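Numbering (the UniProt record's numbering), first residue to last: 303 to 670. Glycine included, every Cβ here is placed at the ideal spot set by N, Cα and C. A quick note: this is a predicted structure, and the numbers were derived from the prediction, not measured. Taking it in order: structure first as structure tokens, then the write-up.
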Ligand code: GTP
Ligand code: MG
């Protein structure tokens, strides 16, 4: 609740206003009859009158859906989700390609197996999910929405170029998201490769390599020569093991939109990283202002699937609208999905209207 006036407070307590003012004075607060008393003071004051005040739970926001709290007993291990970050041209895409070509589950599709903006690789029997939205723009967009999708960040630094502005930005992003960083010192095949200089530069930014007494894992790699890839995956596995990542596959799905677009033939298509629960065909879903029913799902190998569990990237068909990257996707009952989506749309419209009114007013002044 908000503040109350001295008069209101007195009537709620069934006391005289003068009594309340006196008590306030004893607490060192000078107040008049119509003065407002803040919540903290009101609680103390009530205590003085022998009344215990209970804070009411915060009002429910009709545009939010309550989070499901899992019973720890229902949690089982899940695969780590990894994002690749780093400066322009330092080899993020090349590294992802190298990982994919050397470790993708199946080779049947002849090389390019990736169909969606995320994929799984298997190293020593353990799955790792890579989000193929490299660069920190996507990362920033998701973080701005409070979506935490990454368990581990791979920071790619070209051994010949060293630490650059976007390398530092990436470090800061990962740090503020509290995501552990593994450094991949790329382009080791290059003549000008100088990994020691990279280590020095990174140490200056708080990432001290293990062999220098720090705790940052740095793996020398070459995306071109495909060297160091297995070691890198091993290190990811190691960090993931320490994180003890868990989820509950036996509940309604919760995930994050990695990317989405309008497909001419198929309608809105969203790549979703399922983070908890299991998404199934026929489930009612909501993501941002979009809602619908899962009509079909396609995995990272282009195969149709009927369900997708935790740490699985899937393409989802069936939303009536295109959601935004970073939107949280939830499987909820149809009524809730529609009602909440409509409330979100209305809220968005109000916000846009307020914005456009402000703009037109500004324009008006400009013309005068
Ligand atoms: P942006 O997406 O534009 O930020 O770049 P990126 O970080 O994805 O880099 P990308 O993989 O596109 O590689 C940039 C250039 O570096 C390309 O010309 C690659 O061929 C080259 N490159 C990437 N990895 C290596 C490597 O290990 N060795 C050598 N010699 N060149 C590499
Ligand atoms: Mg790239």
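If we ignore side chains and look at the alpha-carbon of each, how far apart do residue 396 and residue 592 end up?
Note on geometry: alpha-carbon atoms of residue 396 and residue 592 lie some 34 Å from one another.
May I ask you to check if the CB of residue 394 is nearer than 6 Å to at least one heavy atom of the ligand MG?
Between the ligand MG and the CB of residue 394, the shortest heavy atom gap is smaller than 6 Å.
Compare the Cα-Cα distances from residue 517 to each of 525, 500, 529, 484 and report the closest residue.
Nearest C-alpha to residue 517: 484.
Since residue 331 sits in a beta bridge, which residues does DSSP pair it with?
Answer is none; residue 331 lacks a bridge partner.
Could you give the distance in angstroms between the alpha-carbon of residue 378 and the alpha-carbon of residue 549?
The alpha-carbon atoms of residue 378 and residue 549 are separated by roughly 6 Å.
Rounded to whole angstroms, what's the CA-CA distance from residue 600 to residue 499? Just pull it up for me.
Distance between the alpha carbons of residue 600 and residue 499: 44 Å.
For residue 671, the residue or residues it bridges with in DSSP
It is not possible to answer for residue 671, since the shown part of the chain is limited to 303 through 670.
Residue 578 in three-state terms, based on DSSP
Taken through DSSP and simplified to helix, strand or coil, residue 578 comes out as strand.
Would you say the segment 529 to 549 touches the segment 338 to 347, given that touching needs at least three Cβ pairs under 8 Å?
As far as the Cβ criterion goes, the segment 529 to 549 does not touch the segment 338 to 347, which means the pair count is below three.
Kindly indicate which three-state DSSP category residue 607 falls into: helix, strand or coil?
Note: residue 607 maps to strand in three-state DSSP.
For residue 651, count the other beta carbons within 10 Å of its own beta carbon; 16 or more makes it buried, fewer makes it exposed. Which is it?
Exposed is the label assigned to residue 651, since fewer than 16 other Cβ atoms lie within 10 Å of its Cβ.
Where does residue 676 land, buried or exposed, given buried means 16+ other C-beta within 10 angstroms?
Residue 676 lies beyond the range of the chain shown here (303 to 670); nothing can be said about it.
Please go through the segment 519 to 569 and give each complete beta strand (DSSP E) segment of 3 or more residues, from N-terminal end onward.
Runs of the beta strand (DSSP E) inside the segment 519 to 569: 519 to 522, 556 to 565.
Other residues of its chain near residue 588: CB distance less than 8 Å, five sequence neighbours each side excluded:
Around residue 588: 367, 631, 632, 634, 638, 639, 642, 643.
Classify residue 601 as helix, strand or coil using the three-state DSSP reduction.
Correct three-state label for residue 601: coil.
Is DSSP giving residue 313 helix, strand or coil here?
Here residue 313 sits in helix by DSSP.
Nearest-angstrom beta carbon gap, residue 370 and residue 535 [assumed within contact, 8 Å]
The beta carbons of residue 535 and residue 370 sit about 32 Å from each other, so the pair does not count as a contact at 8 Å.
Using C-beta distances below 7 Å, list every residue in its chain close to residue 614, excluding the 5 sequence neighbours before and after it, in chain order.
Cβ neighbours of residue 614 beyond the five flanking positions: 576.
Evaluate contact between the segment 380 to 400 and the segment 558 to 565, counting only Cβ atoms and requiring at least three cross-stretch pairs below 8 Å.
By the criterion of at least three beta-carbon pairs nearer than 8 Å, the segment 380 to 400 is not in contact with the segment 558 to 565.
Under a three-way DSSP split, which group does residue 478 fall into?
Residue 478 falls in the helix class under three-state DSSP.
Assuming contact is defined by CB atoms lying nearer than 7 Å, are residue 578 and residue 612 in contact in what I supplied?
The answer is yes: Cβ separation under 7 Å.
Taking the Cβ atom as the reference point for each residue, do residue 602 and residue 426 lie within a distance shorter than 7 Å?
Their beta carbons are not under 7 Å apart, which means residue 602 does not touch residue 426 by this criterion.
Out of 482, 497, 617, 331, which one is the CA nearest neighbour of residue 543?
Distance from the Cα of residue 543 is smallest, within the candidate group 482, 497, 617, 331, for 482.
Sheet register partners of residue 387 (DSSP bridge)
Residue 387 pairs with 457.
Indicate the three-state DSSP secondary structure (helix, strand or coil) for residue 374 in the structure shown.
Correct three-state label for residue 374: helix.
Return the Cβ separation of residue 620 and residue 598 in integer angstroms, given the expectation that the two are a contact with Cβ distance under 8 Å.
Residue 620 to residue 598, Cβ: 7 Å. Contact.
Going by DSSP, what residue range makes up the beta strand (DSSP E) through residue 428?
Taken as a continuous stretch (DSSP letters only), the beta strand (DSSP E) holding residue 428 covers 428 to 433.
Based on DSSP bridge pairs, tell me the residues matched to residue 338.
Per DSSP, 307.
How about residue 315 and residue 351: do their beta carbons lie closer than 7 Å?
Taking 7 Å as the cut-off, the beta carbon of residue 315 is found closer than this to the beta carbon of residue 351.
If you count every other CB in all the chains shown that lies within 10 Å of the CB of residue 745, and 16 or more means buried, which is it?
The displayed coordinates of the chain run from 303 to 670. Any statement about residue 745 would go beyond what the structure contains.
Who are the Cβ neighbours of residue 584 in its own chain at under 7 Å, not counting the five residues just before and after it?
Around residue 584: 595, 596.
Three-way DSSP call (helix, strand, coil) for residue 450 in this model:
Under the three-state reduction of DSSP, residue 450 is assigned to coil, being neither helix nor strand.
Less than 7 Å between the beta carbons of residue 486 and residue 392, yes or no?
No, they are not a contact pair.
Nearest CA to the CA of residue 433: which residue from 571, 356, 401, 338?
Distance from the Cα of residue 433 is smallest, within the candidate group 571, 356, 401, 338, for 401.
Could you compute how far the alpha carbon of residue 475 sits from the alpha carbon of residue 504?
If you take the alpha carbons of residue 475 and residue 504, they lie about 15 Å apart.
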